[in-house]
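Quick notes on the structure that follows.
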Amino acid sequence: MQKNTRMKREMSMLLSNPPHGISCWSKGDTLEQLEAQILGADDTPYHGGVFKLEIHIPDRYPFEPPKVRFITPIYHPNIDNAGRICLDSLKMPPKGNWTPALNLSTLLTTVQQLMAEPNPDDPLMTDIANEFRYKKAQFETKAKDWTTKHAMQKKDETVSKSADSSSDDSLSDDDNDPRVTNLKRSFGECSETNVHAKRSKENITS
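Take 486 as the starting number for the sequence shown in this note's numbering and just add one per residue.
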């Protein structure tokens, strides 16, 4: 019960006031399986890319951290080929620093910050960490290449979908958008959720 109440509040906050460059929505009929997108920040090799993540909310949330992984391949010392992320905020103490005071918004913002500021001292990919330390230009070239290959296409598709729907005055009429449909089912407050979903979709392409 606490999990459901907490998740509804957090998703409402993410939809109405999302962090810059971040969006998140429910994947199915519940708020246990989520998807998120993070825009690659300026002045990083990930600039221009849209990186998709999947999030699983455990039954003991918020006393246990969400399970988060990248779906979009990314060349990064702290993210492995399976999309797993080496981040203290995703681990329980004593190995990590997750607390119930953290939430999805702060967690995704921390992941976004890790993308911009890799930590080679705690890597999942040792070779990439060494490259980041000692051959920074080579690392940046490879990271940009991966971004172009794996993340740019998703951005183009997202922009195209946004352009296709721009002829409508409001996203609230787009019942085919799975984010809108799933959020309607989850919250049961159709009119309010449609407004929030419009803001979320605009955030993806801004």
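The beta carbon of each residue, even a glycine, is placed where N, CA and C say it ideally should be.
Spatial distance of residue i from residue j (CA atoms)
{"i": "T529", "j": "T626", "result": "11 Å"}
{"i": "W510", "j": "A526", "result": "21 Å"}
{"i": "F548", "j": "I559", "result": "29 Å"}
{"i": "Y531", "j": "N604", "result": "16 Å"}
{"i": "Y619", "j": "K629", "result": "17 Å"}
{"i": "K634", "j": "F624", "result": "15 Å"}
{"i": "T516", "j": "E616", "result": "Before going further, note that residue 516 is Leu rather than Thr in the sequence given. Between L516 and E616, the C-alpha separation is close to 39 Å."}
{"i": "Q598", "j": "L592", "result": "10 Å"}
{"i": "E520", "j": "K621", "result": "31 Å"}
{"i": "W631", "j": "L499", "result": "28 Å"}
{"i": "D565", "j": "P578", "result": "22 Å"}
{"i": "T611", "j": "G513", "result": "36 Å"}
{"i": "D606", "j": "I570", "result": "14 Å"}
{"i": "E602", "j": "V596", "result": "10 Å"}
{"i": "K580", "j": "R491", "result": "25 Å"}
{"i": "Q518", "j": "I540", "result": "6 Å"}
{"i": "T557", "j": "A567", "result": "10 Å"}
{"i": "G533", "j": "A586", "result": "32 Å"}
{"i": "S574", "j": "S501", "result": "24 Å"}
Limits of the alpha helix (DSSP H) - the one that residue i falls within
{"i": "F555", "result": "Counting along the chain, F555 falls outside any alpha helix (DSSP H), though it belongs to the beta strand (DSSP E) covering K552 to F555."}
{"i": "W631", "result": "K621 to W631"}
{"i": "L593", "result": "L589 to A601"}
The beta strand (DSSP E) enclosing residue i, as first and last residue numbers
{"i": "I523", "result": "Q518 to L524"}
{"i": "K488", "result": "Element bounds for K488: not the beta strand (DSSP E) but the alpha helix (DSSP H), Q487 to S501."}
{"i": "H541", "result": "V535 to H541"}
{"i": "I507", "result": "I507 to S511"}
Residue i and residue j closer than 7 Å at C-beta
{"i": "V535", "j": "A636", "result": "yes"}
{"i": "N608", "j": "P562", "result": "Reading the sequence as shown, one finds Pro at residue 608 and not Asn. Yes, they are a contact pair."}
{"i": "I523", "j": "I507", "result": "yes"}
{"i": "L572", "j": "F555", "result": "no"}
{"i": "T594", "j": "P504", "result": "yes"}
{"i": "N582", "j": "E495", "result": "no"}
{"i": "K488", "j": "Y546", "result": "yes"}
Residue-chain proximity (residue i, chain C), Cβ-Cβ < 7 Å
{"i": "N489", "result": "In the displayed structure, chain C is absent; only one protein chain is listed."}
Distance cut-off 6 Å: residue i Cβ against heavy atoms of the ligand MN
{"i": "D528", "result": "Annotation note on the ligand MN: not contained in the displayed structure, which lists no ligands."}
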